[in-house]
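Take the sequence shown: its letter number 213 is residue 353 in the numbering used here, and every next letter is one higher. Notes follow once the structure below has been shown.
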Amino acid sequence: MTELTADAALLPTPLRGCLYCHTEGSTTLAESRKVLGLGGNVPTITCSACGAVASFEAGQNADDWRIRYKSVNKASRFYYVMIHLGPANWLDAKTAIEESRRGFVQRQRVQQTQRGDLSWLQPTRLDPAPPLMSPDELIFLSLNPGTLQQAAKTGMLTRAGEGSVQDTGRFYVTDRKVHLLGHRRDWSHKLSDVQRVEHTEQHWRIYVGDGTQFYQGENLPNQLDAQLFAAVVRTLLARKTESGGD
């Protein structure tokens with residue numbers, strides 16, 4: 141292993157602070173531990189703040205290293221970094237720092253959204269407005285592709301985890317409704333028709349009507365991630381409930 145300088149300013153980034161939880165001065169580098177002679181020779185970084193553990197390989201300078209997370213904190217606030225830093229793949233310095241930066245921004249946006257502040261979205265109107273959308277509706281979210289699905293049924297029970305696609309197209313969330321400009325037709329539901337909002341590592345879902353239909357969008361690169369997307373929709377629903385509007 142390359143000997144690391146004692147000057148903190150010249151240390152590789154993961155040794156100055158945790159890429160996972162972004163706490164400064166919380167990481168400790170230690171030689172790997174072998175059990176019954178088994179185990180690698182790659183040093184391990186442990187964060188005292190979030191508990192993340194990662195293998196770390198230093199290079200010839202402070203900007204030349206790679207990291208692989210072995211154990212991570214799965215709290216909801218670490219949603220983004222859990223997906224992008226936590227799958228146990230080696231990441232080079234540039235990739236790891238960029239994903240860490242995006243994870244920090246995402247966590248701040250989620251917290252901001254949960255406080256009811258959506259100003260960062262800069263909502264807009266469409267002119268002309270598409271069918272079923274009023275000209276004065278404010279668009280907060282737009283995603284393509286989105287789908288409308290019918291939940292699968294087994295006997296008398298609805299299986300919410302599965303569905304058959306009814307239509308696909310561009311999906312909008314406004315201050316009043318959700319819209320899908322589909323290939324077959326245009327679909328629209330009032331926010332008051334939304335029964336619940338869910339998200340996973342793979343997608344977000346908005347259940348409408350009696351809960352047997354749902355809109356869904358995949359967690360894709362370069363689009364708003366599923367956790368943040370769901371947080372925005374929940375905040376808009378809370379606003380609508382507080383205002384007493386339909």
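Note that CB positions come from ideal geometry on N, CA and C, so glycine has one too.
{"query": "Exposed unless 16 or more other CB atoms sit within 10 angstroms - verdict on T314", "result": "buried"}
{"query": "For Q289 and T298, the rounded distance between their alpha carbons", "result": "Confidence is the limiting factor: at T298 the pLDDT is only 49, short of 50, which leaves the residue's position unreliable and the question unanswerable from this model."}
{"query": "Alpha-carbon to alpha-carbon, A189 and A170", "result": "16 Å"}
{"query": "DSSP three-state assignment for T264, whether helix, strand or coil", "result": "strand"}
{"query": "Residues that G309 bridges to, as DSSP identifies them", "result": "G286 and G322"}
{"query": "Supposed close pair G349, D326 - CB separation, criterion 8 Å", "result": "G349 to D326, Cβ: 16 Å. No contact."}
{"query": "Limits of the unbroken alpha helix (DSSP H) element including A269", "result": "Taken as a continuous stretch (DSSP letters only), A269 belongs to no alpha helix (DSSP H), as it is neither H nor E."}
{"query": "T186 versus S166 - alpha carbon distance", "result": "8 Å"}
{"query": "Residue nearest to Q367 in terms of C-alpha spacing, selected from R249, A291 and K330", "result": "R249"}
{"query": "CB of G357 within 8 Å of CB of L283, strictly", "result": "yes"}
{"query": "Buried versus exposed, by CB contacts within 10 Å (16 or more), P154", "result": "buried"}
{"query": "Opening and closing residue of the alpha helix (DSSP H) in which S240 lies", "result": "A233 to Q254"}
{"query": "Distance between Y355 and W230 (C-alpha atoms, nearest Å)", "result": "35 Å"}
{"query": "DSSP state of Y347 mapped onto helix, strand, coil", "result": "strand"}
{"query": "N-terminal and C-terminal residue of the alpha helix (DSSP H) that R374 is part of", "result": "A366 to S383"}
{"query": "Inter-residue Cα distance where the pair is L364 and R374", "result": "15 Å"}
{"query": "Residues near N201 in its chain [Cβ-Cβ closer than 8 Å; skip 5 each side]", "result": "none"}
{"query": "Beta-carbon separation (whole angstroms), V193 vs S211, contact threshold 8 Å", "result": "4 Å"}
{"query": "Straight-line gap, I279 to R324 (C-alpha atoms, nearest Å)", "result": "22 Å"}
{"query": "Whole-Å CB distance - N213 paired with G199, under 8 Å assumed", "result": "At roughly 27 Å, the Cβ-Cβ gap does not stay under 8 Å, so N213 and G199 are not in contact."}
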